[in-house]
Structures are given as structure tokens and as C-alpha cells.
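For reference, the structure is listed below as C-alpha cells.
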Amino acid sequence: MTQSPAKITAVLTALPGKAAALRSLLVGMAPLCRAEPGNLRWDVWRDQAVPERYVLDELYRDGEAVEAHRRTPHYQDYLARIPSLAERSALVLEAVAVS
């Protein structure tokens, strides 16, 4: 049985005075996340209307790759640091077959 790709979209809005630190953290995560075996895409976007808001656009081979991502040291570091930098919400999505 083949598992479908898993997509994560996270929205992070920097706390006052923390936008530069948030950006630095996210940009620094990109090469580490992109190097993970199950990662297909990992991009950082900045909202043009709200410059302190960032969107992470992530795509993984499957749910197992997402779980492997969550166990990495860089993700654990991110989780520890993010509460002091930003408000965060994340969606973990699965593909819907469209004919």
C-alpha cells in the first residue's frame, strides 16, 4: 500500500520585536529540513500585507516522513524556541483525489 504525500502549512506571526529572530530561525531551518530523506519541499514565505507573518510550506513523502521530521534535533530546537518568537498555527494535510 502506497501512502500519499503529507503537506504541512504553518503560519507564524512574530511577537513584537521578534520578526528578525523569527526570520533567522526559519531561514536557518530550510537547508536542514530540505536534507531530510522524506522531504520533498520546504519553503518559507513572508506575507506582503503583514511583514511579520511567515508561512512554512512543507511537503513530505508520507506521514512517516513527517514523524521522522518531528524527531530531528533541528525540529525539536524549533519547537523549544518558537513560543518566545511567534504565535503559531499549523495544518497537516493529506491529498484529495481529484479526477
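Position one of the sequence shown corresponds to residue 1 (full-length UniProt numbering), numbered consecutively onward. The beta-carbon is built from N, C-alpha and C at its ideal position, and this holds for glycine as well.
message: Based on DSSP bridge pairs, tell me the residues matched to residue 148.
response: No answer is possible for residue 148: the residues shown for the chain start at 1 and end at 99.
task: Rounded to whole angstroms, what's the CA-CA distance from T82 to V27? Just pull it up for me.
output: A small fix is needed here, since residue 82 is Ile in this sequence, not Thr. For I82 and V27, the distance between alpha carbons rounds to 13 Å.
query: Do E52 and A14 have their CB atoms nearer than 7 Å?
result: Taking 7 Å as the Cβ cut-off, E52 and A14 qualify as a contacting pair.
message: Bridge partners for R88 per DSSP, in chain order?
response: L12
task: Count the other C-beta atoms from every protein chain shown that fall within 10 angstroms of the C-beta of E58, then say buried if there are 16 or more, exposed otherwise.
output: Buried, since its Cβ has 16 or more Cβ neighbours within 10 Å.
- prompt: Which residue or residues does DSSP assign as beta-bridge partners of E94?
  reply: A6
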